[in-house]
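In the working numbering, the protein residues as written are 19 to 409.
Here's the structure we're looking at; comments come further down.
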Ligand SMILES: Cc1cc2nc3c(=O)[nH]c(=O)nc-3n(C[C@H](O)[C@H](O)[C@H](O)COP(=O)(O)O)c2cc1C
């Protein structure tokens with residue numbers, strides 16, 4: 019039976035929430051965001067500072083996308099969680115976040131075809147569900163700061179998929195060893211798992227292509243493997259059925275989203291346990307009136323799309339994409355989400371939850387420093403509310 023979301027009555031962004039075994043003191047979540055500051059894949063002092071700046075007692079942070087294996091990266095200086103050195107380095111970051119009282123999950127990432135030979139071991143082509151490249155509409159950021167075209171990937175052979183599932187399982191175990199409270203499976207935004215989910219990309223003829231249950235098989239295997247390794251309450255799943263980032267189009271996004279949610283519900287019933295949450299990015303992807311991505315469409319239709327997934331999912335629901343303070347308050351109050359994740363506003367406002375609480379003015383983000391490598395500029399130098407100088 020699907021849960022019927024009731025209006026949350028007096029719940030606001032600042033009401034406590036129990037997410038499985040985790041007691042959160044508010045609902046303003048740090049969205050996972052790639053920031054390219056983990057030099058050579060190793061998180062260092064800059065990351066510890068960035069994440070602790072955004073920590074609050076009882077807050078919830080999701081890390082930037084973190085590579086599960088040597089073939090997983092498609093941006094410069096993305097952290098990994100597949101070598102011992104990376105695990106130990108993350109430990110320092112996670113310990114610092116815990117000291118400030120936040121819960122932190124590690125987002126497990128494989129970009130699939132959204133990569134380039136320069137990021138691949140031995141200059142091999144990246145892997146995917148398909149051998150079709152991402153169209154020239156999209157450009158890849160290269161290590162020297164220039165932009166290039168995405169190369170043709172190599173479609174994974176059927177027997178190789180189990181190896182990638184194993185990389186996710188091992189990465190989840192590593193994340194727990196590093197002290198993370200849980201992990202989020204990145205199955206959104208046109209990256210590897212989404213390249214299997216979407217019928218606009220997946221052109222396979224094996225048991226991982228074709229019908230919905232075939233296209234979602236890889237994701238569900240990953241969820242199963244990770245849940246068995248670290249426990250369902252430590253596992254969140256991120257999807258974005260309606261987002262066409264990196265050509266990730268589907269002919270029926272709602273059907274796809276409902277199918278995945280239904281499968282996750284069935285898994286929960288089977289194990290008599292709950293996943294930590296489902297995290298959905300909605301196409302409205304705007305802040306300050308600027309559109310980042312996504313198809314144009316009516317906001318009502320988008321809200322209804324999210325509501326349908328929220329109603330169908332039997333557990334904690336996080337929404338993301340273009341939320342302001344007011345929109346966040348609305349979805350919580352209406353029962354359309356339990357938690358709201360904030361991306362760009364959190365980049366520019368380390369104390370976002372506090373600013374929201376005070377209804378204080380916000381710093382504006384500087385887009386050109388989103389993916390640069392400076393450990394301070396555009397990363398940890400956004401001022402706190404009330405401070406006169408940049409920190
Ligand atoms: C600089 C930047 C990096 C991002 N990196 C990731 C990522 O690593 N993993 C992910 O799932 N989403 C990523 N996103 C998407 C965000 O998690 C979020 O869903 C998106 O920014 C929309 O929320 P917003 O309107 O509050 O910014 C990124 C967004 C930005 C702006």
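All C-beta atoms, glycine included, are put in the ideal place defined by N, C-alpha and C.
One alpha carbon belongs to residue 333, the other to residue 164, and they sit about 42 Å apart.
The residue among 321, 44, 368 and 382 with its C-alpha nearest the C-alpha of residue 352 is 321. Taken in chain order, the whole alpha helix (DSSP H) runs of length 4 or more contained in the stretch 246 to 328 are 271 to 289.
When the Cα atoms are used, residue 38 and residue 297 turn out to be separated by approximately 15 Å. Segment contact: the stretch 155 to 163 against the stretch 103 to 116, fewer than three CB-CB distances shorter than 8 Å; contact not assigned. Screening all residues for a C-beta within a distance smaller than 6 Å of any heavy atom in ligand 1 leaves 49, 50, 51, 52, 82, 83, 125, 204, 206, 207, 256, 299, 303, 305, 338, 339, 340, 341, 360, 361, 362, 363 and 388, in chain order. For residue 125, the pairing in a beta bridge is given by DSSP as 83 and 202. In this structure, the alpha-carbon of residue 149 lies about 14 Å from that of residue 135. In this structure, the CA atom of residue 84 is about 21 Å from the CA atom of residue 259.
Shortest Cα-Cα distance from residue 255 to any of 403, 219, 48 and 279 involves 279. Looking at the DSSP output, residue 172 bridges to 145.
In the DSSP assignment, residue 166 is bridged to 158. Between residue 380 and residue 357, the C-beta gap is not smaller than 8 Å, which leaves the two residues out of contact. Taking the C-beta atoms as reference points, residue 115 is found no nearer than 8 Å to residue 336. Straight across, the Cα-Cα distance linking residue 283 with residue 250 is about 12 Å.
When secondary structure is reduced to three states using DSSP, residue 209 falls in the coil class, being assigned neither helix nor strand. Taking the Cα positions, residue 95 is about 33 Å away from residue 274.
Between residue 222 and residue 326, the gap from beta carbon to beta carbon reaches 8 Å or more. Excluding its 5 nearest sequence neighbours in each direction, residue 139 has C-beta neighbours in its own chain below 7 Å: 88 and 89, listed in chain order. With contacts defined as CB atoms closer than 8 Å, residue 123 and residue 202 qualify as a contacting pair.
Closest option to residue 61, judged by alpha-carbon separation, among 70, 104, 75 and 359: 104. In terms of Cα proximity to residue 172, the closest of 191, 130, 186 and 192 is 130. If you keep only unbroken beta strand (DSSP E) runs of at least 3 residues inside the stretch 38 to 78, you get 40 to 42 and 46 to 48. With fewer than 16 other Cβ atoms from the protein chains shown falling within 10 Å of its own Cβ, residue 317 counts as exposed. Residue environment: residue 266 is assigned as buried (16 or more neighbouring CB atoms within 10 Å of its CB, all protein chains considered).
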